[in-house]
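K.L.:
Below: one structure in structure tokens.
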Amino acid sequence: LQTVLADLHAQERGDVETALLDDGRGTGLTRTTFHWLLGRQLVDALTDSDAAPDEFVNLWYRATTAVMLATADYATVEPHLIHAQRLLPARAHVWLSAGVVHAFFATPAVQNASLALKLPEGYSLRVGDERRELALAEQSFRRAIGLKEDDAEARLRLGRVLAQQQRHQEALTELGAAGALARDLIQQYYVQLFAGQSAAELGQHDRAATSFKRAAALYPDAQTPLVALS
86 LQTVLADLHA
96 QERGDVETAL
106 LDDGRGTGLT
116 RTTFHWLLGR
126 QLVDALTDSD
136 AAPDEFVNLW
146 YRATTAVMLA
156 TADYATVEPH
166 LIHAQRLLPA
176 RAHVWLSAGV
186 VHAFFATPAV
196 QNASLALKLP
206 EGYSLRVGDE
216 RRELALAEQS
226 FRRAIGLKED
236 DAEARLRLGR
246 VLAQQQRHQE
256 ALTELGAAGA
266 LARDLIQQYY
276 VQLFAGQSAA
286 ELGQHDRAAT
296 SFKRAAALYP
306 DAQTPLVALS
């Protein structure tokens, strides 16, 4: 612990400065606390001393990443996952989570705020433009699928990212694979919703209508498939 604290003292206080967003607007910066950085260094110290089995490291990153994603703490989880990718490159959940983060960074709310945010001199954003973030999301989801071919969520999210890049035929292929694997009702709903969108973009209106009707049947109170069907 003393070694870790000494190393930490030599670094800046925290991984990143966090940009604050409000409905697509950047409202300023706040300093990130360093407890997650300290936690990573402690895990590194255990790993280096062979005191921690690989599964402990895996479970620690899986649990802490889940907490950050559940609380939408994207500024903290992004450097967390970069570290996890170096330690756990063969774990599909690491790449799935990284894809989720990059797909979020590509959303209009983040992109609009990144363009409007006034940064102090010497500061730069870790968020790239929409094209770069979608490409990184695609790469991450493909890595996850390469490690776990039957991951329905990774294929669903990859299909969505491909559609956002206007690659609708490829999106339909991935969404079809996701639909064949998905066991959760909510996953099946999004498969049909996104497949309907891509089919409509390709001018396949009958196929699109069928998908939207299936989505509506899964969640009769949902408005989106009805609006899309109209």
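Counted the way our numbering counts, the sequence shown spans residues 86 to 315.
Glycine residues also receive a C-beta, built at the ideal position from the N, C-alpha and C atoms.
Only a predicted model underlies this, so the values are computations on that prediction, with no experimental measurement involved.
How many whole angstroms separate the CB atoms of Glu314 and Ala302, which I take to be in contact at a CB cut-off of 8 Å?
P.N.:
Working through the sequence shown from its first residue, we reach residue 314 at position 229. Working through the sequence shown from its first residue, we reach residue 302 at position 217. Residue identity check: residue 314 is Leu in the sequence provided, not Glu. Going by Cβ atoms, the distance from Leu314 to Ala302 rounds to 11 Å, so no, they are not a contact pair.
K.L.:
Following the continuous alpha helix (DSSP H) through Pro310, name the residue where it begins and the one where it ends.
P.N.:
Reading the sequence shown from its first residue, position 225 is the one you call residue 310. Unbroken alpha helix (DSSP H) run through Pro310: Thr309 to Leu314.
K.L.:
Within 10 angstroms of the Cβ of Thr150, are there 16 or more other Cβ atoms? Answer buried if so, exposed if not.
P.N.:
Within the sequence shown, numbered from 1, the residue matching residue 150 stands at position 65. With 16 or more other Cβ atoms within 10 Å, it is buried.
K.L.:
Here's the rule: buried if 16 or more other CB atoms are within 10 angstroms of the residue's CB, otherwise exposed. What is Val246?
P.N.:
Against the sequence shown, residue 246 aligns to sequence position 161. By the 10 Å Cβ count, Val246 comes out buried.
K.L.:
According to DSSP, simplified to helix, strand and coil, what is Phe279?
P.N.:
For the purposes of this step, residue 279 is taken as residue 194 along the sequence shown, with counting starting at 1. Helix.
K.L.:
What is the residue span of the alpha helix (DSSP H) that Phe141 lies within?
P.N.:
Walking along the sequence shown from the start, residue 141 turns up at place 56. Looking at the DSSP string, the run of the alpha helix (DSSP H) that includes Phe141 is Asp139 to Ala155.
K.L.:
Do you know how far the Cα of Ala220 is from the Cα of Ala169?
P.N.:
Position 84 of the sequence shown, counted from the first residue, corresponds to residue 169. Position 135 of the sequence shown, counted from the first residue, corresponds to residue 220. The alpha-carbon atoms of Ala169 and Ala220 are separated by roughly 20 Å.
K.L.:
For Leu260, I'd like the list of residues in its chain whose CB is within less than 6 Å of its CB, leaving aside the five on either flank, ordered along the chain.
P.N.:
The residue given as residue 260 occupies position 175 in the sequence shown. Here the set comprises Gly244, Val276, Phe279 and Ala280.
K.L.:
In chain order, which alpha helix (DSSP H) runs of at least 4 residues are fully inside the region 162-233?
P.N.:
Listed in chain order, the complete alpha helix (DSSP H) runs (minimum 4 residues) inside the region 162-233 are 177-190, 193-201 and 215-232.
K.L.:
If you reduce the DSSP assignment to three classes, tell me which class Phe119 lands in.
P.N.:
Counting from one through the sequence shown, the residue named residue 119 turns up at place 34. Here Phe119 sits in coil by DSSP.
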